[in-house]
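Read through the structure below, which is laid out as structure tokens, and then see the notes.
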Amino acid sequence: MAELLARETAQMYASWFRALADPSRVQLVELLAREDRAMPVGEIVAAMGLAQSTVSQHLKILAEVRFVLAEPVGNARHYRINARCIDCFPSAADVVMGKPAPTSGDGCA
729 MAELLARETA QMYASWFRAL ADPSRVQLVE LLAREDRAMP VGEIVAAMGL
779 AQSTVSQHLK ILAEVRFVLA EPVGNARHYR INARCIDCFP SAADVVMGKP
829 APTSGDGCA
């Protein structure tokens, strides 16, 4: 019988999938990944067409699982994609679907 994915790893992957379980958060991750720079909340709000409070809540959820990183700029925060986490996500999806885990030191877990 094949060995199960470690519980801790499964919990981490599940948190990633939960964070992306909303279409607005998927769009937000895509926006930040495409822009590839730190963006102020106001600019994100304008690009997404959502209320600032909604965007802030989505950013909070994505930051909790480290898909996005907040950078203080004066009294504000700018958000950018966490390339390391995003690079690991496809491997996590592959592992959950039964493909072998990456063997190199990918720094995902």
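Per the numbering used here, the sequence shown runs over residues 729 to 837.
C-beta: ideal position from N, C-alpha, C; glycine also.
Per the Cβ contact rule, the stretch 816-827 is not in contact with the stretch 758-772 (fewer than 3 Cβ pairs under 8 Å).
Taking C-beta atoms as the reference points, Leu759 and Met776 count as a pair closer than 8 Å. Closest option to Ser752, judged by alpha-carbon separation, among Val823, Leu787 and Ala738: Leu787. A residue is called buried once 16 or more other Cβ atoms fall within 10 Å of its Cβ, and Leu732, having fewer, is exposed.
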